[in-house]
Each structure stands twice: as structure tokens, then as C-alpha cells.
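Asker: Numbering that gives the first Met the number 0 puts the first residue of the sequence shown at 0, with every later residue one more than the last. To start, I am sharing the structure in question, which I have written as C-alpha cells.
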Amino acid sequence: MQTVHAVPPQPDSLPVLEERAEILRHEAVNGEYRLMQVAAPAQAKLARAGQFFHLLCPQDDALKPFFRRPMSIYAIDAEGGRISFLYKVTGTGTKALAKLAIGERLDMLGPLGIGFSLPRGKAPIVILARGVGLATLAPLVGLAQSEGHAVTAILSARSPDLLMSVEETRAAGADAITVTDAQGNSDTGHVASLLDDLHQQGRMGALYACGSNRLLKLAQEHATRHGLFGEVAMEQQMACGLGMCFCCVRAFREGDATVHRRVCCEGPVFPLEEALGW
Ligand SMILES: Cc1cc2nc3c(=O)[nH]c(=O)nc-3n(C[C@H](O)[C@H](O)[C@H](O)COP(=O)(O)OP(=O)(O)OC[C@H]3O[C@@H](n4cnc5c(N)ncnc54)[C@H](O)[C@@H]3O)c2cc1C
């Protein structure tokens, strides 16, 4: 098993800022997902791929989301001082978020959690993402490329119109392989053969997964078989997001033991072999 060298920011050692950030861009990217970009210069300098912000969704007469909603950082523009989120409109919180207009302000707390780490040296990495996992894993492409790791991303979705980050991944210099249910090539058998091919070609020094239980299991099997370093970004309902309420505890495997960890501050990124799934 390879050890990691890039120690991600630790939540205890970095400031967590609350900001009422101005919305610069807010638009639908397809029938399910929206992209929101905000001005947050200080946070953009602190943020790392895999971390998240806790968003205070606005309340009105129709929608009254109570807790903040955790949202992964989709893109970080440290120089321009901008952070982007890519979110799926599903329930009360995200329906309320979708109502925010350009020029309005979003109350965001963060950056929170522990982000991704990269393998030693310049080992190439493979990213396996589906659904909302595409949003979480997208900034890892730029981070890894900028630190000299060649990236291959396998991007999975129900249909081609729901695939996201394909052009951005290729523009960052990474290889993007797309698979969809509609095209009949997103099944675990086909994805497993893609992983085997990438491994044989020497393109997999580490493996990262997010967004699907079956892809997580597949990634775990592959990493275990080949002794690869890997990480997974987990999701869980959260209340405080700061580690105090223990609302987001999940079970993980540590050797032969089952341990419980808070996704908000001990994650959301965890070693691949420790995850027990969603
Ligand atoms: C680390 C992390 C990163 C994430 N990143 C993304 C991302 O990049 N894009 C994305 O689309 N989604 C992301 N999610 C999921 C996101 O936080 C929301 O859960 C999801 O968008 C649905 O939120 P909603 O408010 O629309 O749905 P809702 O169904 O209204 O609420 C979301 C969750 O909060 C719970 N909840 C709501 N109100 C209460 C209450 N009063 N008491 C107790 N529980 C309540 C609900 O049970 C539900 O599971 C992420 C989650 C985590 C943990």
C-alpha cells in the first residue's frame, strides 16, 4: 500500500470563515443540475479539492430549510477569488438555493472537512465518478494535474445529457472516459474492464471514487487486488458541519474493527479501504 505525501489541510489548523458571498453566476447546466459561482477571495485561497462549504439556504413563505446544506467545492479560482458549486435540485434546501439571483448573497461557512491527498511522487491517478460525485471529484483533476499527476477520469451518468465536467476535465489536460446507462456501458462489468486496462497501461497509481455505491465497491475490490492507495468522498446528512453534533457519524472499517467517524470533520474524504458504503 502506498503512503500519501500531500497532507491535506487539517480542520483544527485552518480558519473557518462565514461569508455572505455575492453570487456572480447561477445557471442550469442540464435538467437536474445547477452551477453557482460566488465571490469569496479569502475562502478561495484556503480551499482544497474535497472540502465543502455549509450553505445557508434562503427561507421564504414556501420553503423553510432549517439546517445548512453541505456542498462540495466544484471549482476553485484562487487568483480570481471565486468558488463554484454544482448541485442537483432535489429537496427543500436546493430548491431554495435555486431561487437565488445573481447579485444576491449566499451565507457560506467554510472551507470545512479534510480534502483529497495525492500519492507519492508523480504517480498517475484514476477518478471514478457518478452523479453528484462528478461535482466532488472535479477539482481533484486540476489539483492532481497541477502537481504533475496524469489523470484519467471515468465519468458515469444515467444519460449523456447528465454527464458533467467532461470538457473541463479534458481542458485541464486529463483523459475523460464517459459511460452512461442509456448507452449500456456503465455496468460494473464494463467499468471493471476499463479499470483493468488502465492498470495494465500503468495509468493507475491511485484510485478515487465518489457518487455511487456500486462504483465504490468496484474501486475497493480493484484497489485491494492491486494494493493501490485510494480515497472516497462520502456523503451524510449534517447539522452543524463542525464536528460538535455527531449527526453525520458513519461506520467505517479499521482493520478487523468497525469504528464510527464524523463525515464533516474526520472526512468527507476517507481511505478507500475503510468505507463501508452508503
Ligand atoms: C460533504 C458533502 C458534500 C456534498 N456535495 C454536494 C454537491 O456538490 N452537490 C449536490 O448536489 N449535493 C451535495 N451534497 C448533498 C447536499 O448536501 C444535500 O443533501 C442535497 O443537495 C439535498 O438537499 P436538499 O435540501 O435539496 O434536500 P432535503 O431533502 O430537503 O434535505 C437534505 C437532507 O437534509 C435532511 N434534513 C432536511 N431538513 C432536516 C431537518 N429539519 N432535520 C433533520 N434533517 C433534515 C434531509 O433528511 C435530507 O437528507 C453533499 C453532501 C455532503 C455531506
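Where a beta carbon is used, it is the ideal one built from N, C-alpha and C, also for glycine. These figures come from a predicted structure and were not determined experimentally.
Beta-carbon within less than 6 Å of A222's beta-carbon, same chain only, minus the 5 sequence neighbours each way: which residues are those?
Answerer: L206, G229 and L271, listed in sequence order.
Asker: Whole alpha helix (DSSP H) runs in the segment 204-263 with 4 or more residues, listed along the chain?
Answerer: As far as the segment 204-263 is concerned, its whole alpha helix (DSSP H) runs of at least 4 residues are 212-225.
Asker: Identify whether P8 lies in helix, strand or coil by the three-state DSSP scheme.
Answerer: Its pLDDT being 47, under 50, P8 is placed unreliably by the model, and the measurement read from it follows with that caveat. Correct three-state label for P8: coil.
Asker: Check whether the Cβ atoms of L54 and L96 sit closer than 8 Å, and answer yes or no.
Answerer: The answer is yes: Cβ separation under 8 Å.
Asker: So for R157, helix, strand or coil by DSSP?
Answerer: Three-state DSSP puts R157 in coil, outside helix and strand.
Asker: By a C-beta neighbour count over all protein chains shown, 10 Å radius and 16 as the cutoff for buried, is G183 buried or exposed?
Answerer: Looking at its Cβ environment, which holds fewer than 16 other Cβ atoms inside 10 Å, G183 is exposed.
Asker: By alpha-carbon positions, which one of A232, G240, T168 and S116 ends up nearest to E146?
Answerer: Nearest option by C-alpha distance: S116.
Asker: So, at 6 Å on beta carbons, what are the nonlocal neighbours of M107 in its own chain, with the 5 sequence-adjacent residues on each side left out?
Answerer: Closer than 6 Å at Cβ, skipping near neighbours: E18, A20, F52 and L54.
Asker: Measure the alpha-carbon distance for L34 versus E166 and round it to whole angstroms.
Answerer: Answer to the nearest angstrom: the Cα atoms are 15 Å apart.
Asker: Look at the Cβ atom of G130, then the Cβ atom of S185, and state whether they are nearer than 8 Å.
Answerer: Not a contact, by the Cβ cut-off of 8 Å.
Asker: If you pair each beta-carbon of the segment 68-76 with each one of the segment 41-49, do three or more pairs fall below 8 Å?
Answerer: As far as the Cβ criterion goes, the segment 68-76 touches the segment 41-49, which means the pair count is three or higher.
Asker: Taking the alpha-carbon of A77 as reference, which of P40, L127 and V88 has the nearest alpha-carbon?
Answerer: Ranking the options by Cα distance to A77, first place goes to P40.
Asker: From what residue to what residue does the beta strand (DSSP E) around Q36 run?
Answerer: Where Q36 is concerned, the enclosing beta strand (DSSP E) stretches over Y32 to A38.
Asker: Check each candidate in M237, L275 and R202 and name the one with the smallest Cα separation from D255.
Answerer: Taking only the C-alpha atoms, the option nearest D255 is L275.
Asker: Would the beta-carbon of Q235 be found less than 7 Å away from any heavy atom of ligand 1?
Answerer: Yes, ligand 1 has a heavy atom inside 7 Å of this Cβ.
Asker: Are the beta-carbon atoms of G204 and P267 separated by less than 8 Å?
Answerer: Contact: no.
Asker: Pull up the distance between the alpha-carbon of P8 and that of F269, whole angstroms please.
Answerer: For P8, the predicted structure reports a pLDDT of 47, less than 50, and the residue's modelled location is therefore unreliable. A value from the coordinates is still provided. Approximately 14 Å, taken between the alpha carbons.
Asker: At a threshold of 7 Å, does Y73 count as lining ligand 1 (C-beta to nearest heavy atom)?
Answerer: Yes, Cβ of Y73 sits closer than 7 Å to a heavy atom of ligand 1.
Asker: Could you name the residues that DSSP lists as bridge partners for V150?
Answerer: According to DSSP, which records beta bridges pairwise, V150 is partnered with I124.
Asker: Near L102, what residues of its chain come up, given a Cβ to Cβ distance below 6 Å and the 5 sequence neighbours on each side ignored?
Answerer: In the sequence under discussion, the amino acid at residue 102 is Gly, which differs from the Leu named in the question. Taken in chain order, the list of residues that qualify is empty.
Asker: So what's H189 in DSSP terms, helix, strand or just coil?
Answerer: H189: helix per DSSP, three-state reduction.
Asker: For the beta strand (DSSP E) containing R95, list its first residue and its last residue.
Answerer: The sequence shown places Ala at residue 95, rather than the Arg named in the question. Per DSSP, A95 belongs to no beta strand (DSSP E); it is in the alpha helix (DSSP H), T91 to L96.
Asker: Could you give the distance in angstroms between the alpha-carbon of L133 and the alpha-carbon of L214?
Answerer: Each residue's Cα considered, the two are about 13 Å apart.
Asker: With C244 and A238 assumed to form a contact (beta carbons below 8 Å), what rounded beta-carbon distance in angstroms separates them?
Answerer: With a Cβ gap of about 5 Å, C244 and A238 count as contacting.
Asker: What number of angstroms, rounded off, separates the C-alpha of K44 from the C-alpha of G80?
Answerer: Approximately 7 Å, taken between the alpha carbons.
Asker: For C246, which of C264, A232 and E253 has the nearest alpha-carbon?
Answerer: The shortest Cα separation from C246 among C264, A232 and E253 belongs to C264.
Asker: Anyone know if the C-beta pair for I176 and L162 falls short of 8 Å?
Answerer: Result no, Cβ atoms of I176 and L162 do not sit closer than 8 Å.
Asker: Determine the direct distance from the alpha carbon of D195 to that of P14, and round the result to whole angstroms.
Answerer: The straight-line gap from Cα to Cα measures roughly 41 Å.
Asker: When you measure from the CB of Y86 to every non-hydrogen atom of ligand 1, does any distance come out below 7 Å?
Answerer: Yes, the Cβ of Y86 comes within 7 Å of a heavy atom of ligand 1.
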